[in-house]
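Chemist: Got a structure for you, questions after.
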Amino acid sequence: MFVKGLKCRECGKEYPDSALYVCDYCFGPLEVDYDYDKIKKNISVEKIKSRQPNMWRYKELLPIKGDIEIGKDVGFTPLVKADNLARVLGVKHLYIKNDAVNFPTLSFKDRVVSVAIAKAKEFGFKVIACASTGNLANATAACSAASGFECFVFIPSNLETGKVLGTLIYGTNLVKIEGSYDKVNRLCTEIAGKHNWAFVNINLRPYYAEGSKTLTFEMLEQLGFKAPDNVVVPMAGGSLITKVGKSIEEFEYCGLIEKHNTKIFGAQATGCNPITSTVKEKREFIKPVKTPDTIAKSLAIGNPADGYYAADLMHKSGGFGEDATDDEIVEGMKLLASTEGIFTETAGGVTVAVAKKLIEKGYINKNETTVLAITGNGLKTLESLNGRLDEAPVINPNLEEFEEVLKKVREKEKTNNKTIKK
Ligand SMILES: *Cc1c(COP(=O)(O)O)cnc(C)c1O
Ligand SMILES: [Zn+2]
């Protein structure tokens, strides 16, 4: 255990390793503070490689005491070399970090929840809770069930069926709130002040955020302990993207990778783009979006807690921010599925659509190595595709009717080929 405690990101005031998240002196966010010199002496490529293929193989850089008992099998998702998609987008070296198949709830949120709930257990909490746009609800509910905690989950009332049923199935106390995520979050902050519960993304947020580093650690390891030139990351509250930057710095400091200037790009939906609009308009502050309106509900946070730091990171790393409309999001989902056989949720559609724009506009160099963070699974957001894909033909069970269908398929191919040649 190499944790010194918590530290304010703004004024540097130090706090003990405990369920605190905001500085009582300047209201800045608290972060986990490590003894990096000690970590550097204790971590090595060989040590990491000798361990089980899960997120805990980087445990020196995670804030957990003792043995790992919670979320043991989370992480080490595939890094897919996406040559088909690369050809369509016109780039040479493209990879997909595929958290759509993370264990157990098919999104990147299994990582953050494992660390937060392990910490909740260490601190002696009896009840786990969260405010969620969907994936965190699924991950918190599943991990609470598996580790024997009572669980309360709060979501906006308009979430997708897959996210709702995929939470209730674990026997969770699910509460739907009328209004946007920001209203849900405000209520949860009040509840956290009254009840002594472990809200994974509120009072345990410093630990929760550390869990997201493992997505980047894995990506660096899977590239052969090398940093890519570009990373494209979807943003909700902006926590994951800021930890992409921190993870690369930590691996560099520990001597696990060579120093490299990775450009970090953030992706949002046009219907809720408080962070990308800040970058595009070169503003110094975040203008909250009051009423998010997008099919990418998992990213629909109008007032992002880490938005300022996310925008700052994109700027300083030489990256950029871009957003995608609902139609572009669906096209992105279709493109990833039809080229690489990967079915991502709307958030992944945002990432692919934004990467396409960044390449077209020249922000991403065609000869460089780029990784897209695909963070969630398409089976959870099926309704976003209703009426947006070709209908399947329905026929009687006889050969002639099938031959008719086949004729139409071939005709369609011909016209498609003609338009492509043009
Ligand atoms: C939560 C989430 C993210 C990132 O959220 P941040 O709040 O920015 O860390 C990205 N993709 C999906 C699918 C998510 O559920
Ligand atoms: Zn402070």
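Just so we're aligned, residue 3 is where the sequence shown starts under the working numbering, counting upward by one.
Ideal Cβ positions, reconstructed from N, Cα and C, are used throughout, including at glycine.
What is the DSSP secondary structure of residue 231, counted as helix, strand or coil?
Modeler: Mapped onto the sequence shown, residue 231 falls at position 229. In this structure, residue 231 counts as coil in the three-state DSSP scheme.
Chemist: Any heavy atom of ligand 2 closer than 8 Å to the Cβ of residue 27?
Modeler: Start at 1 with the first residue of the sequence shown, and residue 27 comes out as number 25. For residue 27, the shortest C-beta to heavy atom distance toward ligand 2 is below 8 Å.
Chemist: Using a Cβ-based criterion (distance less than 8 Å to any ligand heavy atom), does residue 12 qualify as near ligand 2?
Modeler: Here residue 12 is taken as the residue at index 10 of the sequence shown, counted from 1. For ligand 2, at least one heavy atom lies less than 8 Å from the Cβ of residue 12.
Chemist: With a threshold of 6 Å on Cβ separation, who are the neighbours of residue 28 within its own chain once the five nearest residues in sequence on each side are excluded?
Modeler: Locating residue 28 in the sequence shown gives position 26, where the first residue counts as 1. 12 and 13, listed in sequence order.
Chemist: So the candidates are 132, 325 and 98; which of them puts its Cα closest to the Cα of residue 174?
Modeler: Residue 174 sits at position 172 when you count from the first residue of the sequence shown. Closest option to residue 174, Cα to Cα, is 132.
Chemist: Is it a yes or a no for the segment 156 to 167 touching the segment 374 to 389, going by three-plus beta-carbon pairs under 8 Å?
Modeler: Verdict: yes, contact present.
Chemist: Whole angstroms is fine: what's the gap from residue 404's alpha carbon to residue 418's?
Modeler: Indexing the sequence shown from 1 puts residue 404 at position 402. Indexing the sequence shown from 1 puts residue 418 at position 416. Their Cα atoms are separated by approximately 21 Å.
Chemist: Using only alpha-carbon positions, find the residue among 176, 269 and 301 that is nearest to residue 313.
Modeler: By one-based count along the sequence shown, residue 313 stands at place 311. When only C-alpha atoms are compared, the closest one is 269.
Chemist: Look at the alpha carbon of residue 219 and the alpha carbon of residue 412, and state the distance between them as a whole number of angstroms.
Modeler: As a working mapping, residue 219 is identified with position 217 in the sequence shown. As a working mapping, residue 412 is identified with position 410 in the sequence shown. Straight-line Cα distance between these residues: approximately 46 Å.
Chemist: Is residue 182 near ligand 1, judged by its Cβ being under 8 Å from some heavy atom?
Modeler: Numbered from its first residue, the sequence shown carries residue 182 at position 180. Not so, every heavy atom of ligand 1 lies at least 8 Å from the Cβ.
Chemist: DSSP three-state call for residue 35: helix, strand or coil?
Modeler: Along the sequence shown, one-based indexing puts residue 35 at 33. Of the three classes helix, strand and coil, the one that applies to residue 35 here is strand, per DSSP.
Chemist: So what does residue 236 bridge to, in DSSP terms?
Modeler: For this step, residue 236 is matched to residue 234 along the sequence shown. Paired residues: 269.
Chemist: Buried or exposed for residue 293, please, with buried defined as at least 16 other CB atoms from any protein chain shown within 10 angstroms of its CB.
Modeler: Residue 293 sits at position 291 when you count from the first residue of the sequence shown. Looking at its Cβ environment, which holds fewer than 16 other Cβ atoms inside 10 Å, residue 293 is exposed.
Chemist: Our contact map puts residue 134 next to residue 72 with C-beta atoms below 8 Å; I'd like the distance itself, whole angstroms only.
Modeler: The residue you call residue 134 lines up with position 132 of the sequence shown. The residue you call residue 72 lines up with position 70 of the sequence shown. Residue 134 to residue 72, Cβ: 19 Å. No contact.
Chemist: Does the pairing of the segment 178 to 192 with the segment 42 to 55 give three or more beta-carbon distances under 8 Å?
Modeler: no
Chemist: Using the rule of at least 16 other Cβ atoms within 10 Å of the residue's Cβ for burial, across every protein chain shown, is residue 390 buried or exposed?
Modeler: Here residue 390 corresponds to residue number 388 of the sequence shown, with the count starting at 1. Answer is exposed; the Cβ neighbour count stays below 16.
Chemist: Can you list the alpha helix (DSSP H) stretches of 4 or more residues lying completely in the segment 295 to 329, in chain order?
Modeler: 309 to 319
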